[in-house]
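One point on numbering: in the numbering used here, the residue at position 335 of the sequence shown is 335, and numbering is uninterrupted.
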Amino acid sequence: MAKTKKPRSSAPDPPAGAAHLPWHHPPAPPVSTALLISLAALLLRVLVSVGPYSGQGVAPKFGDYEAQRHWMELTLHLPSSDWYRNTSANDLAYWGLDYPPLSAYQSRLHGLLLNASLPDAVALRSSRGFESPESKLLMRWTVLSSDLMVFFPAALWFVWVYFKCGVGGTGEEGMSGWTWLLASCLINPCLVLIDHGHFQYNCISLGLTLGAIAGVLSGNELVAAALFSLSINHKQMSLYFAPAFFGHLLGKCIKRKYPIVEVMKLGFVVLGTFALVWWPFLHSYEAAMQVISRLAPFERGIYEDYVANFWCSTSVLIKWKRLFAIKPLKLMSLSATILAFLPSLVQQVRSPSNLGFLYSLLNSSISFYLFSYQVHEKSILLPLLPASLLALQEPHLYGWLMYFGLFSMYPLICRDHLLLQYIAVLGLFVLIYYSPGGSSKKGVSIPSGAKAVLSLPLLCSLLLKVLYLQIEPPKRYPFLFDALIMFICFSQFVILTLYTNYKQWMLNSHSRSVGRKKDL
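In structure tokens form, the structure reads like this:
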């Protein structure tokens with residue numbers, strides 16, 4: 001009697017934990033799709049750069065565009081010993097260099113490129129306020145090329161590491177949002193408007209920071225330490241992220257077999273990177289202190305313009321600048337900033353995790369934005385970087401912070417005559433945010449009552465945008481609308497800060513519940 005053949009059963013599903021095994025990797029994102037998103041992000045930058053820039057045609061000091069051009073002129077023609085020193089050829093009152101040495105080297109490199117094509121644009125002394133279509137094209141090209149060489153590769157590396165290491169889930173479910181995450185990183189409306197409209201090079205420091213974040217997530221911690229040190233040496237505002245890096249890496253080192261050795265290795269990399277960048281200024285104590293004094297201009301006051309942070313928002317009730325001298329204000333600012341980021345830092349020292357690290361980056365940077373000394377409205381770019389990295393985990397947070405971060409810079413955008421670019425970039429952001437492949441409908445569900453409350457600041461912001469353009473404020477209060485924009489944005493930033501700190505600490509209870517399930 002012939003044996004009946006048993007039907008071949010399909011292979012059993014792999015266990016859930018198999019996704020985290022070292023030989024299991026999620027499918028790689030298609031290169032063609034990543035290339036298309038990158039090209040779209042590049043095209044957006046090119047279109048924005050066609051418009052005006054900061055201080056265009058506004059003599060005698062112009063704006064940030066002239067500052068960057070002037071630094072190219074100085075670093076090209078003067079020895080490094082005179083870059084940060086007041087001399088007959090370097091009047092520090094006229095856009096004196098106030099960024100770390102790596103930024104000065106970048107200015108020198110770009111100055112060499114401009115000098116080869118258009119020497120008049122960077123001629124010593126005679127080029128002050130130089131403006132021409134050719135110089136604008138060359139200057140815009142330096143920002144675009146910097147963005148392509150630093151920020152774009154860092155964003156691609158981060159997205160690859162994010163899914164490879166399982167931060168955003170694994171398999172097809174985790175990979176489904178990679179296009180949205182890449183678009184969120186590359187098409188950051190605030191960064192595009194400030195770098196390619198207003199005119200700055202934030203893409204370099206933020207790109208180095210983003211590369212350092214990818215290095216931490218992928219386990220390349222020494223590379224991450226070097227990249228983050230370079231970021232600090234390009235713009236000192238990168239220190240906003242320092243507590244998050246310090247807490248996360250220290251927490252990891254403590255849990256290893258030889259914690260002191262691990263800490264020493266990171267310390268050597270950091271010190272070595274700083275020594276390499278600062279080498280031309282280490283020949284004397286005086287030269288080094290001259291640079292440091294330029295990086296911390298306390299004499300400018302605790303805030304400028306109408307930035308949506310604690311000191312400026314509360315100055316309506318408490319006249320900080322009148323009541324306190326610079327020294328006590330520095331102490332109060334330092335204390336408030338430390339108290340704000342301390343819970344986030346402690347959580348990462350105790351329980352370092354990849355997702356917790358991203359939350360910590362956001363909590364640390366927004367703490368500095370809200371409470372540190374001498375904050376500019378453009379500093380909101382720093383918290384917006386980790387917010388975009390958390391776009392899949394916290395889509396509502398990402399959208400809300402991005403919108404009000406952009407709104408907080410509305411007066412600056414109007415002064416620069418970039419309103420058309422503002423509307424176009426905001427419209428594109430809304431399209432991407434609500435795209436079918438996005439995560440705008442995922443995340444925490446918001447009750448209808450809470451939605452009604454949240455709609456109030458949104459409606460107020462829309463109304464203020466119209467009033468700002470159409471109605472002249474009272475002569476007694478010429479900055480009334482600027483102050484109202486500041487109050488609305490500050491209130492939203494405070495609420496989001498409390499929420500993200502809560503979410504970061506809740507990761508501990510979540511990890512404990514997961515551990516108990518594994519034990520069972």
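Glycine included, C-beta positions come from ideal geometry on N, C-alpha and C.
These figures come from a predicted structure and were not determined experimentally.
- Query: Leaving out five residues before and five after Gln290 in sequence, what residues of the same chain have Cβ atoms less than 6 Å from its Cβ?
  - Reply: Residue numbering aside, residue 290 sits at position 290 when the sequence shown is read from its first letter. Hits under 6 Å: Tyr84, Arg85.
- What's the gap between the Cα of Ile260 and the Cα of Gly219? By 1-based counting over the sequence shown, the position of residue 260 is 260. By 1-based counting over the sequence shown, the position of residue 219 is 219. Answer to the nearest angstrom: the Cα atoms are 18 Å apart.
- Spatially closest choice to Glu66 from Gln106, Asp98, Ser127, His196, by CA coordinates: Residue numbering aside, residue 66 sits at position 66 when the sequence shown is read from its first letter. That would be Ser127, whose Cα lies nearest to the Cα of Glu66.
- Query: Around the Cβ of Glu73, are there at least 16 other Cβ atoms within 10 angstroms (buried) or fewer (exposed)?
  - Reply: Looking up residue 73 in the sequence shown gives position 73. The C-beta of Glu73 has 16 or more other C-beta atoms within 10 Å across all chains shown, which makes the residue buried.
- Determine the direct distance from the alpha carbon of Ala59 to that of Trp157, and round the result to whole angstroms. For this step, residue 157 is matched to residue 157 along the sequence shown. For this step, residue 59 is matched to residue 59 along the sequence shown. Approximately 42 Å between the Cα atoms of the pair.
- Item | Limits of the alpha helix (DSSP H) - the one that Glu73 falls within | Within the sequence shown, residue 73 is the residue found at index 73, counting from 1. Start and end: 64 to 77.
- Query: With distances taken between CB atoms, is the gap from Phe310 to Leu370 smaller than 7 Å?
  - Reply: For the purposes of this step, residue 310 is taken as the residue at position 310 of the sequence shown. For the purposes of this step, residue 370 is taken as the residue at position 370 of the sequence shown. In contact: Phe310 and Leu370 (Cβ atoms closer than 7 Å).
- Task: Can you tell me which of the three DSSP states Val307 falls into?
- Result: Here residue 307 corresponds to residue number 307 of the sequence shown, with the count starting at 1. Val307: coil per DSSP, three-state reduction.
- Item | Identity of the residue in Phe241, Arg350, Ala242, Trp320 nearest Lys252 by Cα | Translated into positions along the sequence shown, residue 252 becomes position 252. It is Arg350.
- For Val375, does the three-state DSSP call read helix, strand or coil? Mapped onto the sequence shown, residue 375 falls at position 375. In the structure shown, Val375 sits in a strand (DSSP, three-state: E or B).
- Task: Give the single residue among Ala121, Val192, Leu39 whose Cα lies nearest to the Cα of His77.
- Result: Indexing the sequence shown from 1 puts residue 77 at position 77. When C-alpha distances from His77 are compared across Ala121, Val192, Leu39, the shortest belongs to Ala121.
- Could you pull the start and end residues of the alpha helix (DSSP H) that Gln347 belongs to? Start at 1 with the first residue of the sequence shown, and residue 347 comes out as number 347. From DSSP, the alpha helix (DSSP H) with Gln347 extends over 326 to 350.
- Drop a sphere of 10 angstroms on the beta-carbon of Tyr434, count the other beta-carbons inside from all chains shown, and report buried for 16 or more, exposed for fewer. Position 434 of the sequence shown holds residue 434. The residue is exposed, with fewer than 16 neighbouring Cβ atoms inside 10 Å.
- Task: State yes or no: is the C-beta of Ala242 within less than 7 Å of the C-beta of Thr273?
- Result: Here residue 242 refers to the residue found at position 242 when the sequence shown is read from its first residue. Here residue 273 refers to the residue found at position 273 when the sequence shown is read from its first residue. Going by C-beta atoms, Ala242 is not nearer than 7 Å to Thr273.
- Looking only at C-alpha atoms, which of Gly129, Gly51, Ala244 sits nearest to Leu382? Translated into positions along the sequence shown, residue 382 becomes position 382. Ranking the options by Cα distance to Leu382, first place goes to Ala244.
- Query: Can you give the beta carbon distance from Tyr373 to Ile302, rounded, assuming they're within the 8 Å contact cut?
  - Reply: By 1-based counting over the sequence shown, the position of residue 373 is 373. By 1-based counting over the sequence shown, the position of residue 302 is 302. Right, their Cβ atoms sit about 6 Å apart.
- Compare the Cα-Cα distances from Lys61 to each of Ile495, Glu131, Leu118, Pro478 and report the closest residue. By 1-based counting over the sequence shown, the position of residue 61 is 61. The residue among Ile495, Glu131, Leu118, Pro478 with its C-alpha nearest the C-alpha of Lys61 is Glu131.
- Item | Check whether Leu362 and Thr500 have beta carbons under 7 Å apart | Along the sequence shown, one-based indexing puts residue 362 at 362. Along the sequence shown, one-based indexing puts residue 500 at 500. For Leu362 and Thr500, yes; Cβs fall inside 7 Å.
- Query: Is it the case that the Cβ atoms of Leu464 and Ile485 are separated by a distance below 7 Å?
  - Reply: As a working mapping, residue 464 is identified with position 464 in the sequence shown. As a working mapping, residue 485 is identified with position 485 in the sequence shown. Contact: yes.
- Message: Suppose you measure from the CA of Ser184 to the CA of Pro436; what does that come to, to the nearest Å?
- Response: As a working mapping, residue 184 is identified with position 184 in the sequence shown. As a working mapping, residue 436 is identified with position 436 in the sequence shown. Approximately 14 Å, taken between the alpha carbons.
- Task: Identify which residue in Gly449, Phe493, Leu389 has its Cα closest to the Cα of Trp160.
- Result: Counting from one through the sequence shown, the residue named residue 160 turns up at place 160. Here the closest residue by C-alpha is Leu389.
- Look at the alpha carbon of Ser455 and the alpha carbon of Leu137, and state the distance between them as a whole number of angstroms. Counting from one through the sequence shown, the residue named residue 455 turns up at place 455. Counting from one through the sequence shown, the residue named residue 137 turns up at place 137. Taking the straight line from one Cα to the other gives about 41 Å.
- Could you tell me whether the Cβ atoms of Thr75 and Arg125 are closer together than 7 Å? Locating residue 75 in the sequence shown gives position 75, counting from the first residue. Locating residue 125 in the sequence shown gives position 125, counting from the first residue. Going by C-beta atoms, Thr75 is not nearer than 7 Å to Arg125.
- Message: Please give me, in chain order, every unbroken run of the alpha helix (DSSP H) with length at least 4 that falls completely inside the stretch 409 to 480.
- Response: Those alpha helix (DSSP H) runs which fall completely within the stretch 409 to 480 and span 4+ residues are 410 to 415, 419 to 433, 448 to 470.
- Query: Since Gln56 is in the alpha helix (DSSP H), which residue starts that stretch and which ends it?
  - Reply: For this step, residue 56 is matched to residue 56 along the sequence shown. Careful: Gln56 lies outside any alpha helix (DSSP H) and carries neither H nor E.
- How about Ala387 and Leu401: are their beta carbons less than 7 Å apart? The residue you call residue 387 lines up with position 387 of the sequence shown. The residue you call residue 401 lines up with position 401 of the sequence shown. Yes, these two residues count as a Cβ contact at 7 Å.
- the stretch 30 to 42 in contact with the stretch 185 to 195 per 3-pair CB rule at 8 Å: A contact exists between the stretch 30 to 42 and the stretch 185 to 195.
- Query: For Leu507, does the three-state DSSP call read helix, strand or coil?
  - Reply: Here residue 507 corresponds to residue number 507 of the sequence shown, with the count starting at 1. Residue state for Leu507 is assigned as helix, using DSSP reduced to three classes.
- Just reading off the alpha helix (DSSP H) that Pro153 is part of, what are its end residues? What you label residue 153 is simply residue 153 of the sequence shown in a count that begins at 1. Boundaries of the alpha helix (DSSP H) around Pro153: 152 to 164.
- Item | Range of the contiguous alpha helix (DSSP H) that encloses Val46 | The count along the sequence shown starts at 1 and reaches residue 46 at position 46. First-last of the alpha helix (DSSP H) with Val46: 31 to 49.
- Arg415 versus Cys165 - alpha carbon distance: Position 415 of the sequence shown holds residue 415. Position 165 of the sequence shown holds residue 165. CA-to-CA, the gap between Arg415 and Cys165 works out to about 44 Å.
- Task: Evaluate the contact criterion for the stretch 267 to 285 versus the stretch 94 to 101: three or more CB pairs, one atom per stretch, below 8 Å.
- Result: Touching, per the Cβ criterion.
- Is DSSP giving Leu124 helix, strand or coil here? Against the sequence shown, residue 124 aligns to sequence position 124. Coil.
- Task: Tell me where the alpha helix (DSSP H) around Ala224 begins and ends.
- Result: As a first step, residue 224 is located in the sequence shown; it is residue number 224 there, counting from the start. Going by DSSP, Ala224 is part of the alpha helix (DSSP H) stretching over 221 to 234.
- How long is the line joining the alpha carbons of Ser333 and Phe324, rounded to whole angstroms? Position 333 of the sequence shown holds residue 333. Position 324 of the sequence shown holds residue 324. When rounded, the distance between both Cα atoms is 12 Å.
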